[in-house]
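If you count by mature numbering (1 follows the signal peptide of the UniProt record, and there is no 0), then the sequence shown holds residues -16 to -1, 1 to 113, one letter each, in order.
The beta-carbon is built from N, C-alpha and C at its ideal position, and this holds for glycine as well.
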Amino acid sequence: MKFLVVLGAILGLASAQSAAQMKLIMRLHNECKELTGINDALASGIMTGTFPDDETLKKHLLCIFKKSGSMSEDGYIQADVAQVVYEAALKDEDKAAEIVKACAVDKDTPENTALEMARCSWQKTKGGV
């Protein structure tokens, strides 16, 4: 359950997630966990804003962003979708736009893009919204 709250913060979902949001978070995490083999201990550093530079974590984040539609299948950020996700969580269109502008930046690999987008989002929301 602790990891699900972390995952919610990564995705920019409000800390007081609705039942539907929690169900989505759980589904995305479980689907990606099957594909990446991530363990919850690896992801626990995210709780303190420490994002380990770990390939499994990067692949897991990429999987989550792809499944949420925030990144395309070929690993590029879909800023319009990310904007909708943040707006829904923050209930603040301007803050959502600020986060997307700062954080939706493609890096050298899709995995690095996912990690940096998660780090940046965490920093911009102070670890959650």
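Next on the checklist: Can you list, in chain order, the residues of its chain with a C-beta nearer than 7 Å to that of residue 88? Leave out the 5 residues immediately preceding and following it.
Outcome noted: 61, 63, 66, 101
Item to check | Which of helix, strand or coil DSSP assigns to residue 83 | outcome: helix
Checklist entry - Below 8 Å between beta carbons: does that hold for residue 97 and residue 53? => result no
Item to check | For residue 109, the nearest candidate out of 17, 3, 70 (CA to CA) | outcome: 70
Next on the checklist: Is the separation between the beta-carbon of residue 50 and that of residue 39 shorter than 8 Å?
Outcome noted: no
Next on the checklist: Let me check one thing: in DSSP terms, what residues is residue 55 bridge-paired to?
Outcome noted: 61
Next on the checklist: Out of 26, 45, 3, 21, which one is the CA nearest neighbour of residue 104?
Outcome noted: Among 26, 45, 3, 21, the Cα nearest to that of residue 104 is on 45.
Item to check | Buried or exposed by the 16-neighbour rule on C-beta atoms within 10 Å, applied to residue 42 | outcome: buried
Next on the checklist: What residue range does the alpha helix (DSSP H) around residue 36 cover?
Outcome noted: Counting along the chain, residue 36 falls outside any alpha helix (DSSP H), and DSSP gives it neither H nor E.
Item to check | Pairwise C-alpha distance: residue 79 and residue 33 | outcome: 20 Å
Checklist entry - DSSP state of residue 88, grouped into three classes? => result coil
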